[in-house]
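Q: Numbering (the working numbering), first residue to last: 29 to 214.
For each residue, glycine too, the CB sits at the ideal point set by N, CA and C.
Attaching a single structure in structure tokens format; questions to follow.
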């Protein structure tokens, strides 16, 4: 009797394995899902939101993932530079933004953000040129870039006047909606 029972059970198992569905996963399966495929979340958008929330290290991680997915294009280069600037890594930020302006000389946000870095480093002459390029490539449409250019030129033309303007803020600009304000000296 036990032999018949064992044969019956093994026969049912074999039948279950051969039918459609068999040992395949089903929607109500209790097993863990497989390896995730490509993410359809844009790392640049996530990074921009994290920058706006003041989470600069997390934004840098998101921008790095975006660069891995999209490649090092002017958008990702500029984003990496802006995040490094907010983290106080001026040398790294300058390298990323110089590369962005080399690859896309018409990309106004990269020129503006490079100008912000140069102002932070005390390179007023070079910064004013970066702001001029940003202003020219943007056709004067950005108030932030215009204000940054005015402040840089004022400091260049009259350094003593500019020293009295210690709370002067230069603003970071990104492509798309919104902007990042550089509020504290690094």
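Hey, how far is the Cα of residue 126 from the Cα of residue 170?
A: As a first step, residue 126 must be located in the chain shown, where it is residue number 98. As a first step, residue 170 must be located in the chain shown, where it is residue number 142. Taking the straight line joining both Cα atoms gives about 21 Å.
Q: Does the beta carbon of residue 134 fall short of 7 Å from some heavy atom of the ligand FMN?
A: As for the ligand FMN, it is missing from this structure, which has no ligand bound.
Q: Spell out a yes or no on whether the region 108 to 124 and the region 151 to 162 are touching, meaning 3 or more CB-CB pairs, one atom from each, closer than 8 Å.
A: In short, these stretches do not touch, since the Cβ pair count stays below three.
Q: Is it buried or exposed for residue 129, if we count other Cβ within 10 angstroms and need 16 for buried?
A: Start at 1 with the first residue of the chain shown, and residue 129 comes out as number 101. It counts as buried.
Q: For the alpha helix (DSSP H) that residue 131 lies in, which residues bound it at each end?
A: Within the chain shown, numbered from 1, the residue matching residue 131 stands at position 103. Start and end: 118 to 131.
Q: Taking residue 109 and residue 141 to be in contact with their CB atoms under 8 Å, please state how far apart those CB atoms are, rounded to whole angstroms.
A: Within the chain shown, the letter at position 81 stands for residue 109. Within the chain shown, the letter at position 113 stands for residue 141. With 8 Å as the limit, residue 109 and residue 141 qualify as a contact, their Cβ atoms being about 6 Å apart.
Q: By the three-class DSSP mapping on this structure, what secondary structure does residue 84 have?
A: What you label residue 84 is simply residue 56 of the chain shown in a count that begins at 1. Here residue 84 sits in helix by DSSP.
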